[in-house]
Amino acid sequence: MIKTIKVDESACVGCGACTIVSPEFFEINANGVSQFKGEEKLPIKEAEKEELLIKVAQACPVKAISIYNENGEKIFPK
Ligand code: SF4
1098 MIKTIKVDES
1108 ACVGCGACTI
1118 VSPEFFEINA
1128 NGVSQFKGEE
1138 KLPIKEAEKE
1148 ELLIKVAQAC
1158 PVKAISIYNE
1168 NGEKIFPK
């Protein structure tokens, strides 16, 4: 189960790929970099969420999006 999403702002180049793949979860903030919007109110199943978030992280050209599981282990990128 995915527990934490981190966007490395110093690595993000603001290309917007993550916001195209998943506008539900990501947006470009006032600093011109991506930020995770949170997920609490989204009506999305856990399995679908995991699949989508991995897809988003894979779409990032600079691997600025990191995903951690409930044990604090990094799932992506490995
Ligand atoms: S895809 Fe990566 S580099 Fe592009 S805006 Fe998202 S986090 Fe930043």
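If you're matching positions, the sequence shown starts at 1098 in our numbering and goes up one per residue.
Here a beta-carbon is modelled for each residue, glycine too, at the ideal position from N, C-alpha and C.
The ligand SF4 has no heavy atom closer than 8 Å to the beta-carbon of residue 1144. Distances from the CA of residue 1111 to each of 1102, 1152, 1162 and 1174 were compared; the closest alpha carbon is that of 1162. At the C-beta level, residue 1099 and residue 1145 stay beyond 9 Å of one another. Listed in chain order, the non-local C-beta contacts of residue 1116 below 8 Å within the same chain comprise 1123, 1124, 1125 and 1131, local neighbours out to five positions each way being set aside. Nearest Cα to residue 1118 within the set 1143, 1140, 1157 and 1139: 1157. According to DSSP, residue pairing for residue 1173 in a beta bridge involves 1164.
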